[in-house]
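**Student:** Chains as they are written, first to last, in the numbering used here: chain Y, 1452 to 1894; chain V, 1452 to 1894.
Following this line, the structure appears as structure tokens:
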């Protein structure tokens, strides 16, 4: 029987904007490695496929509603690749996925760092490919504004090609390490890339060996046509923010068919984000939800909306969401404005909705009702698993252990042990086969 | 009584070019995290100040003596920042220093990653600032050739300024995390940099908090005038490759006086690299040395010389080192050619010398004779400690434990325990004080 993939998103120690004001949230845990390690170990004890860290390259503090950023906890954090590497050394089975931007990095660094984490972890690294969206990030990297979407995605597509090319630098058996003859590697089995494209000029080879997974797993999260194209070509996993099962099924069918058209034997696994408020009874779940929602500071609420639709501090909080806002650059914004219109939401109601689910879907319920819903999605072609974004950590992981995983397992929907040692094996995916490339001598 | 600082260089699991052919060298250990972890833990058990990873951003395989690279073990490795982070999670006291290039990185990434390692390790991170020197690295980063020295160092100087500026983004008490009022940080205590220079345009603030050390320790290794200037301004530690005590005293005096002229209260600590071949008797030490030297493949020997003086494969191995080679870009090359001339060395003898010490100094002796020499350097103004580059690991660490450290301790020259928890405390250095900067509101 087919089983789900499940990931745990750990950024900021909780996805609810008011998580840090919760009585049980320990101040400073978002900068405390030992706390992340403990949660990762708990997730591994429950055999989750992976943990995941989203990322951004700026404190987004400019042109905000005044004072808003100072009421938001999302400003200082650990850098996810160093954090993943540290967790790698303290775990044995769980997959380790982090975001790295193709707009503000170089392929050689990214290929090398994720390869290194794959070596350190014994084959558990995954790279979530993003293009970054804010001007604040551009301003930390020698620019004044973000690249236009077309250019960003063109760069991303080339970036992923180059990175995969670098990962193919050495054949699996290149390192002979023959102490007698003195030959360390077979020069016929190391390859240069000699890439010259619109954005990058990279010779190679990469100064890293083939990794335990062949190369790290690739994750993609953009829902735009260009994002889907990269996902269909390269991704092992696609994160989505689908709100309805119909929408999710459409996306699922589209992406799987795009991958099939490209001749991929193994289409990407599709994992929507979900935020769960769960209790033994519906009332208990609702109380958990209400407690966090009551802690949302209006400034923090306006601040999260700002990311998607701009500054709404000039409008009444309990009035309608204006629809004549400047067209936003990201798909999430369109979805939000549509939702506000369809459901006749006030500004406060809109930010409460976003805070509750952090742009993904959220559910408030008992183990039975939530797993009913997850099972429906999983068994009717809407997803291959879920990326769980808990409102609060470590409580969200404890809720999974106590409520959700036993129910999933009683229905045979989730594993009871890891099938192998690498993330690729956990996901049930084959080791990649590298194509032929030129040797250094031929270059 | 003043005591030495001691670091352990761990790159490639041994600095001797033939280390990997030694009967005790375990094939593949250079890609095995658990092996580095074990050595780091052994170094920590012996209270060493720090471990150190040098780095480069290419497989340097082009235009070499034919086949040379394939006889050299220095081609595939773990990426040092991910490796350090993983070791951070498995140690508690030892300092963690790695190289990162200012020529092929961006300050925001470097500030952030080292800050993150400082958080993860509880205050033990150090950044070794290098400018990179090979065209092969340039070719992995959108260029055809390395930048000219002047430009490289100008960029490095600006890079370090920006990085330190980013590390000062948040005042120590900026994060109030007031659950009652909803204020997460005090907006008066976060600062933008708004740097615009010849090489970088970086707004800030950094999305990381002040680290346990204030900011990570800064290490510098260039011996040129420009390198010394950066070291005098910013470095906590300077690595050198001095060969004679006179040369080392000159450098020491020069650097300390440059730092004093700049008004620095705490001049950098100066730590020459040394490679030790040590045994209970001189004969035992010599046998260790001879065993490794006998394993040097001529192709590997020519390959190490290539880095400094170019391709010598057209000359007889047992003939003189030609002196009319194209002028090299790095100070080490000049030293080597001078040495070959002064000591009338053949090509084979020159590469044997380099292989034995990897451009630093090497000593073959008993604990007494080696520690006599170390003490002389330490007590006559030639250094503040040593960066030990063992020919072979973990054997080189075992030799330190068995032979060198007991002798140093019997003379009161090395600590018996860590004085605190951070690398800065281990080095006996004060926490940096950040200057005033503009707030976001003022920018």
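Here a beta-carbon is modelled for each residue, glycine too, at the ideal position from N, C-alpha and C.
Measure the C-alpha to C-alpha separation of residue 1827 of chain Y and residue 1807 of chain Y and round it to an integer number of angstroms.
**Tutor:** Locating residue 1827 of chain Y in the first chain gives position 376, where the first residue counts as 1. Locating residue 1807 of chain Y in the first chain gives position 356, where the first residue counts as 1. Taking the straight line from one Cα to the other gives about 22 Å.
**Student:** State yes or no: is the beta carbon of residue 1689 of chain Y nearer than 8 Å to at least one beta carbon in chain V?
**Tutor:** By 1-based counting over the first chain, the position of residue 1689 of chain Y is 238. Closer than 8 Å: no.
**Student:** Thinking C-alpha only, which one of Y/1725, Y/1514, Y/1490 is nearest residue 1466 of chain Y?
**Tutor:** For the purposes of this step, residue 1466 of chain Y is identified with residue 15 of the first chain, where counting begins at 1. Closest by alpha carbon: Y/1725.
**Student:** With a threshold of 6 Å on Cβ separation, who are the neighbours of residue 1480 of chain V within its own chain once the five nearest residues in sequence on each side are excluded?
**Tutor:** Sequence index remark: in the second chain, residue 1480 of chain V carries index 29 (1-based). Only 1464, 1486 meet the Cβ criterion.
**Student:** How is residue 1488 of chain V classed by DSSP in three states: helix, strand or coil?
**Tutor:** Position 37 of the second chain, counted from the start, is the residue given in the question as residue 1488 of chain V. Three-state result, residue 1488 of chain V: helix.
**Student:** At what residues does the beta strand (DSSP E) containing residue 1820 of chain V begin and finish?
**Tutor:** In the second chain, counting from the first residue as 1, residue 1820 of chain V sits at position 369. Note, residue 1820 of chain V: premise wrong, no beta strand (DSSP E); alpha helix (DSSP H) at 1818-1830.
**Student:** I'd like to confirm the pairing. Which residues does DSSP put opposite residue 1661 of chain Y in its beta bridges?
**Tutor:** In the first chain, counting from the first residue as 1, residue 1661 of chain Y sits at position 210. DSSP output for residue 1661 of chain Y lists no bridge partner at all.
**Student:** With distances taken between CB atoms, is the gap from residue 1500 of chain V to residue 1851 of chain V smaller than 8 Å?
**Tutor:** Taking the second chain and counting its residues from 1, one reaches residue 1500 of chain V at position 49. Taking the second chain and counting its residues from 1, one reaches residue 1851 of chain V at position 400. Contact: no.
**Student:** Closest to residue 1447 of chain Y by CA distance: which of Y/1654, Y/1659, Y/1591, Y/1562 is it?
**Tutor:** Nothing in the structure corresponds to residue 1447 of chain Y, since chain Y is present only between 1452 and 1894.
**Student:** Within the 8 Å Cβ cut-off, does residue 1581 of chain Y reach chain V?
**Tutor:** Along the first chain, one-based indexing puts residue 1581 of chain Y at 130. No - not a single Cβ of chain V is within 8 Å of the one on residue 1581 of chain Y.
**Student:** Spatial neighbours of residue 1865 of chain V within its chain, please: CB distance less than 7 Å, with the 5 preceding and 5 following residues excluded, ordered by chain position.
**Tutor:** Mapped onto the second chain, residue 1865 of chain V falls at position 414. Around residue 1865 of chain V: 1454, 1455, 1457, 1856, 1859.
**Student:** Give me whichever residues DSSP pairs with residue 1578 of chain Y in a beta bridge.
**Tutor:** The residue labelled residue 1578 of chain Y in the question sits at position 127 within the first chain. Answer by DSSP bridge pairing, in chain order: Y/1549, Y/1669.
**Student:** What does residue 1797 of chain Y pair with, by DSSP beta-bridge criteria?
**Tutor:** Translated into positions along the first chain, residue 1797 of chain Y becomes position 346. For residue 1797 of chain Y, which the question treats as bridged, DSSP gives the partners Y/1771.
**Student:** Please report whether the beta-carbon of residue 1665 of chain Y lies at a distance below 8 Å from any beta-carbon of chain V.
**Tutor:** Walking along the first chain from the start, residue 1665 of chain Y turns up at place 214. Cβ-Cβ to chain V under 8 Å: no for residue 1665 of chain Y.
**Student:** Could one say the Cβ of residue 1563 of chain V lies closer than 8 Å to chain Y's Cβ atoms, at least one of them?
**Tutor:** As a working note, residue 1563 of chain V is residue 112 in the second chain. So yes, residue 1563 of chain V belongs to the interface.
**Student:** Which same chain residues end up closer than 8 Å to residue 1742 of chain V when comparing Cβ atoms and leaving out the 5 residues on each side of it in sequence?
**Tutor:** Here the question's residue 1742 of chain V lines up with position 291 in the second chain. For residue 1742 of chain V, where only same-chain residues beyond five positions count, the Cβ hits under 8 Å are 1473.
**Student:** Starting from residue 1722 of chain Y, trace the alpha helix (DSSP H) both ways and give me its first and last residue.
**Tutor:** For this step, residue 1722 of chain Y is matched to residue 271 along the first chain. No alpha helix (DSSP H) holds residue 1722 of chain Y; the beta strand (DSSP E) holding it covers 1720-1729.
**Student:** Where do the ends of the beta strand (DSSP E) carrying residue 1456 of chain V lie?
**Tutor:** Here residue 1456 of chain V refers to the residue found at position 5 of the second chain. Start and end: 1456-1460.
**Student:** Which residues share a DSSP beta bridge with residue 1849 of chain Y?
**Tutor:** Translated into positions along the first chain, residue 1849 of chain Y becomes position 398. Residue 1849 of chain Y is not bridged to any residue.
**Student:** Kindly identify the DSSP beta-bridge partner or partners of residue 1501 of chain V.
**Tutor:** On the second chain, residue 1501 of chain V is found 50 positions in, with the first residue counted as 1. In DSSP, residue 1501 of chain V forms a bridge with V/1458, V/1546.
**Student:** To the nearest angstrom, how far is the alpha carbon of residue 1713 of chain V from that of residue 1540 of chain Y?
**Tutor:** For the purposes of this step, residue 1713 of chain V is identified with residue 262 of the second chain, where counting begins at 1. For the purposes of this step, residue 1540 of chain Y is identified with residue 89 of the first chain, where counting begins at 1. Taking the straight line joining both Cα atoms gives about 42 Å.
**Student:** Rounding to the nearest angstrom, what Cα-Cα distance links residue 1690 of chain Y and residue 1867 of chain Y in this structure?
**Tutor:** Locating residue 1690 of chain Y in the first chain gives position 239, counting from the first residue. Locating residue 1867 of chain Y in the first chain gives position 416, counting from the first residue. Distance between the alpha carbons of residue 1690 of chain Y and residue 1867 of chain Y is about 24 Å.
**Student:** In terms of residue numbering, what span does the beta strand (DSSP E) encompassing residue 1691 of chain V cover?
**Tutor:** If you number the second chain from 1, residue 1691 of chain V lands on position 240. Note, residue 1691 of chain V: beta strand (DSSP E), 1688-1691.
**Student:** Can you find the residues in the same chain that come closer than 6 Å, C-beta to C-beta, to residue 1548 of chain Y, ignoring five residues on each side of it along the sequence?
**Tutor:** Here residue 1548 of chain Y is taken as the residue at index 97 of the first chain, counted from 1. Result list for residue 1548 of chain Y: 1501, 1503, 1577, 1579, 1670, in chain order.
**Student:** Could you check which residue in V/1753, V/1674, V/1784 has the C-alpha nearest to that of residue 1775 of chain V?
**Tutor:** Working through the second chain from its first residue, we reach residue 1775 of chain V at position 324. When each option's Cα is compared against that of residue 1775 of chain V, the closest is V/1784.
**Student:** Taking all protein chains shown into account, decide if residue 1543 of chain V is buried (16 or more other Cβ within 10 angstroms of its Cβ) or exposed.
**Tutor:** One-based indexing of the second chain puts residue 1543 of chain V at position 92. Exposed, by the Cβ-count rule.
**Student:** Measure the beta-carbon distance from residue 1709 of chain Y to residue 1683 of chain Y and round it to whole angstroms, keeping in mind my assumption that it falls under 8 Å.
**Tutor:** Taking the first chain and counting its residues from 1, the one referred to as residue 1709 of chain Y is at position 258. Taking the first chain and counting its residues from 1, the one referred to as residue 1683 of chain Y is at position 232. Confirmed, Cβ separation roughly 4 Å.
**Student:** List the whole-angstrom C-beta distance separating residue 1468 of chain V from residue 1755 of chain V, where the pair is believed to meet the contact cut-off of C-beta under 8 Å.
**Tutor:** Within the second chain, residue 1468 of chain V is the residue found at index 17, counting from 1. Within the second chain, residue 1755 of chain V is the residue found at index 304, counting from 1. Yes, residue 1468 of chain V and residue 1755 of chain V are in contact; Cβ-Cβ is about 6 Å, under 8 Å.
**Student:** Let's test the definition: count the other Cβ atoms within 10 Å of the Cβ of residue 1451 of chain Y and tell me whether it reaches 16, buried, or not, exposed.
**Tutor:** Because chain Y is modelled from 1452 through 1894, residue 1451 of chain Y falls outside the range shown and cannot be assessed.
**Student:** So what's residue 1615 of chain Y in DSSP terms, helix, strand or just coil?
**Tutor:** On the first chain, residue 1615 of chain Y is found 164 positions in, with the first residue counted as 1. Of the three classes helix, strand and coil, the one that applies to residue 1615 of chain Y here is helix, per DSSP.
**Student:** Return helix, strand or coil for residue 1475 of chain Y, following the three-state DSSP convention.
**Tutor:** Numbered from its first residue, the first chain carries residue 1475 of chain Y at position 24. Residue 1475 of chain Y: coil per DSSP, three-state reduction.
**Student:** Note down, in chain order, every chain V residue with its Cβ under 9 Å from the Cβ of residue 1659 of chain Y.
**Tutor:** Counting from 1 along the first chain, the entry for residue 1659 of chain Y is found at position 208. Correct list: 1482, 1527, 1528, 1529, 1530.
**Student:** Let me know the secondary structure DSSP gives residue 1510 of chain Y once reduced to three states.
**Tutor:** Sequence index remark: in the first chain, residue 1510 of chain Y carries index 59 (1-based). Coil at residue 1510 of chain Y, not helix or strand.
**Student:** Please list the terminal residues of the continuous alpha helix (DSSP H) segment that includes residue 1752 of chain V.
**Tutor:** As a first step, residue 1752 of chain V must be located in the second chain, where it is residue number 301. 1749-1760 is the span of the alpha helix (DSSP H), which, as asked, contains residue 1752 of chain V.
**Student:** Identify whether residue 1707 of chain Y lies in helix, strand or coil by the three-state DSSP scheme.
**Tutor:** By 1-based counting over the first chain, the position of residue 1707 of chain Y is 256. Three-state result, residue 1707 of chain Y: helix.
**Student:** Return the first residue and the last residue of the alpha helix (DSSP H) that residue 1836 of chain V is part of.
**Tutor:** Position 385 of the second chain, counted from the first residue, corresponds to residue 1836 of chain V. Unbroken run through residue 1836 of chain V is the beta strand (DSSP E), 1836-1839; no alpha helix (DSSP H).
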